[in-house]
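Numbering (UniProt numbering), first residue to last: 1 to 736.
Think of the CB as a built atom: it goes at the ideal place given N, C-alpha and C, for glycine as much as any other residue.
Structure first, then comments.
Now the structure itself:
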């Protein structure tokens, strides 16, 4: 017989009671949410599209002006390859296709190597040509009809036909993003189930976090669909939100189920265990969510659509994930909790592998602190050589047709090579020709071609030495903006996009960093009452973040392990990815920091000396940190198995960040630095100590004894009464 219990106070216990008592309604509500989310929410993949970086900047404005005055963005390009352009069968097939294409509704023009294209549409080796189809609509039926007719050229002429252009690229990015997201889930869910079976020792307890994860993902898709109606939703946001929701929901459910098993091991029945778990672990996951949301909110400072979309999606996913942990998981425990094996009382002695590791560190804390810091700085060093770039078709593998066409244009069609810098100019042709003549005299400029776009707009395509996004191109951008020749100009192109994006990060980044660091510092102070501990936590987190960014540079810019991961390095990093990695990894690593500090703070307040408090705190939290980190690494690594290069970068960087943070930082660097600081860890000026005493966060939760309210039968059957149970449940608290 399990012990009766007194009602636990507080809002989290109340949510637990409600979710247990009304578990059928709660489960029905989540079942409907999952069904609607999977049925309608996944339509967000159809509405998302790559967005322009540095929105509102000169490069973005110039690109929009050129696109609105030209039909180039509404076009499909076919690469006809494998036979001589002058082959009679090839000529006949392309010419017949051009006639058929001109009669398709929505097609405004067709240009090929035999009709208006001239040498510009012939490859330098004469074995390939281009067919360009201009559209006045990007409707699916028009795109499908044009694509089908272009592909038929191959069978009629014995050539290979690959389709590219903006419309095809966007469609392939959308489709592959959805496939990569589904693949990530298929890879991740079985592996996380296996890990949780090893943690919990049974499939039933291990399955609950996965059900919670499905609910979180379904809700996230609905939230993303809603946001896509009011803001541009970049395709990269979808897998990012999915991986965040999957990782956090599994993490939070892991803590909730583990806490439930502990309460059952202490003698609580299912209802009592659910209530007490929500009172403690529920506080923990909510505080965790606040920490992650604070880190993601810093992205709202930026103006680029992808940052704001990730911030909005990420915060909403965090909210949905917390709701899943506080309602869906307790409701499920109400149904199957009686069949989940309790944890034996008294498990997890205070002398284990983590305690022994800390004792070794404490014998030589200074060498350990210096050694780990040097190692992390060495791992971060490659990021100093990182090159920001704005990728186009490079995000796709080389096997995709749009990537094949883009590579062919770059290497085999000199007249089609993209200019490093494009200047949109308002003025007469004579004025622009004079302006272009001045541009040609700039150092590093190899040519400037003038072309009328329409609507009083003229473009100047500027070629430079080196790559289209290299240092020379970026310098030319600055010179063209410094001297506009008395005309109204917009300097755009890939190099200008990188320049504007770097400017946005350099000007708004400090504000975003200040918001994230300030909010985190305040939360840590309210929890610990110390000034040094939050400062140390921020510095150690920056070290682990640097290591992840350095690893990302080595792999994706320098090409380490590219063959193993299945991608071709592009010589740089997508400019927006390090910012996102920082926000995500900072929130997640601070999660582990708060949990560990809360354990150590609790032990310190109980009277343990600093060294002992650190030893016991790491021992009691080490297993849950390791388990949570392992699950996170599995999730992030699972999503890096897809084909999209940007998602690979994010997945690998976050996996490395969590792995480094849970091992080198939490198990070595934090114990070493806290041992060195000793009593100074908890220092703060007197007035701040008094301030903290009034409004500081109290991570502990005093639970009433399980015997409260027992009757005659209970008195005869229950074990001796335990004193009131004060449980510290910090960020991912409890023991596994």
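Starting from the Cα of residue i, find the closest Cα among the options and give me that residue.
{"i": "residue 101", "options": "131, 516 and 316", "result": "131"}
{"i": "residue 667", "options": "653, 626 and 686", "result": "626"}
{"i": "residue 128", "options": "86, 165 and 137", "result": "86"}
{"i": "residue 229", "options": "646, 568, 46 and 560", "result": "46"}
{"i": "residue 565", "options": "246, 249 and 647", "result": "647"}
{"i": "residue 605", "options": "548, 681, 409 and 278", "result": "681"}
{"i": "residue 182", "options": "206, 640 and 503", "result": "640"}
{"i": "residue 458", "options": "599, 467 and 68", "result": "68"}
{"i": "residue 450", "options": "422, 469 and 502", "result": "422"}
{"i": "residue 615", "options": "354, 527 and 249", "result": "354"}
{"i": "residue 222", "options": "44, 642 and 621", "result": "44"}
{"i": "residue 488", "options": "21, 35, 58 and 344", "result": "58"}
{"i": "residue 249", "options": "311, 316, 268 and 310", "result": "316"}
{"i": "residue 676", "options": "78, 366 and 334", "result": "366"}
{"i": "residue 514", "options": "494, 302 and 690", "result": "302"}
{"i": "residue 340", "options": "201, 368, 216 and 497", "result": "201"}
{"i": "residue 104", "options": "140, 419, 119 and 372", "result": "140"}
{"i": "residue 107", "options": "122, 123 and 75", "result": "75"}
{"i": "residue 494", "options": "432, 38, 173 and 467", "result": "467"}
{"i": "residue 309", "options": "519, 233 and 435", "result": "233"}
{"i": "residue 538", "options": "548, 522 and 448", "result": "522"}
{"i": "residue 819", "options": "628, 652, 642 and 644", "result": "Residue 819 lies beyond the range of the chain shown here (1 to 736); nothing can be said about it."}
{"i": "residue 600", "options": "642, 678 and 264", "result": "678"}
Could you please give me the residues that DSSP links to residue i through a beta bridge?
{"i": "residue 421", "result": "462"}
{"i": "residue 112", "result": "116 and 131"}
{"i": "residue 92", "result": "Residue 92 is not bridged to any residue."}
{"i": "residue 574", "result": "389"}
{"i": "residue 489", "result": "425"}
{"i": "residue 647", "result": "Per DSSP, none; premise fails for residue 647."}
{"i": "residue 81", "result": "128 and 160"}
{"i": "residue 408", "result": "BP columns for residue 408 are empty, so no partner."}
{"i": "residue 68", "result": "Residue 68 pairs with nothing; no bridge assigned."}
Helix, strand or coil: which one does DSSP assign to residue i?
{"i": "residue 155", "result": "helix"}
{"i": "residue 212", "result": "helix"}
{"i": "residue 515", "result": "helix"}
{"i": "residue 484", "result": "coil"}
{"i": "residue 166", "result": "helix"}
{"i": "residue 147", "result": "helix"}
{"i": "residue 384", "result": "helix"}
{"i": "residue 19", "result": "helix"}
{"i": "residue 250", "result": "helix"}
{"i": "residue 637", "result": "helix"}
{"i": "residue 14", "result": "helix"}
{"i": "residue 230", "result": "coil"}
{"i": "residue 699", "result": "Below a pLDDT of 50, predicted positions are generally treated as unreliable, and residue 699, at 47, falls in that range; the measurement from the model is reported next regardless. Correct three-state label for residue 699: coil."}
{"i": "residue 259", "result": "helix"}
{"i": "residue 122", "result": "strand"}
{"i": "residue 236", "result": "coil"}
{"i": "residue 495", "result": "helix"}
{"i": "residue 655", "result": "helix"}
{"i": "residue 105", "result": "coil"}
{"i": "residue 684", "result": "coil"}
{"i": "residue 75", "result": "strand"}
{"i": "residue 45", "result": "helix"}
Could you check whether the Cβ of residue i sits closer than 8 angstroms to any Cβ belonging to chain D?
{"i": "residue 122", "result": "The structure shown contains no chain D; it holds only a single protein chain."}
*For the 8 angstroms Cβ check, are there 3 or more pairs between the region 359-371 and the region 603-615?*
yes
*Check whether the region 285-300 touches the region 366-382, counting contact only when three or more Cβ pairs, one atom from each stretch, lie closer than 8 angstroms.*
no
_Under 8 angstroms: do the region 534-554 and the region 271-286 share three or more Cβ pairs, one atom per stretch?_
no
*Please specify which runs of the alpha helix (DSSP H), each continuous and at least 4 residues long, are wholly inside the region 419-456, giving them in chain order.*
429-439
*At least three beta-carbon pairs within less than 8 angstroms, the region 324-342 to the region 250-262*: Flag = yes, the region 324-342 and the region 250-262 touch.
_Quick check on the DSSP output: what are the complete alpha helix (DSSP H) runs of length 4 or more inside the region 536-583, in order along the chain?_
562-565, all fully within the region 536-583.
_Runs of beta strand (DSSP E) lying entirely within the region 272-357, each at least 3 residues, in chain order_ = Within the region 272-357, no complete beta strand (DSSP E) run reaches 3 residues.
*Is the region 275-283 touching the region 258-267 in the sense that three or more CB pairs, one from each, lie closer than 8 angstroms?*
yes
*Does the count of Cβ pairs from the region 458-468 and the region 390-406 closer than 8 angstroms reach three?*
Segments in contact, no.
*Inspect the CB distances between the region 477-493 and the region 502-513 and report whether three or more fall short of 8 angstroms.*
no
*Would you call the region 578-588 and the region 410-418 touching, i.e. three or more CB-CB distances under 8 angstroms?*
no
_Sufficient close CB pairs (3 or more, under 8 angstroms) joining the region 146-160 to the region 87-101_ = yes
_Pairs of beta-carbons, one from the region 398-406 and one from the region 157-173, closer than 8 angstroms: are there three or more?_
yes
*Assess, as a yes-or-no matter, whether the region 330-340 is touched by the region 8-28 under the definition of 3 or more beta carbon pairs within less than 8 angstroms.*
yes
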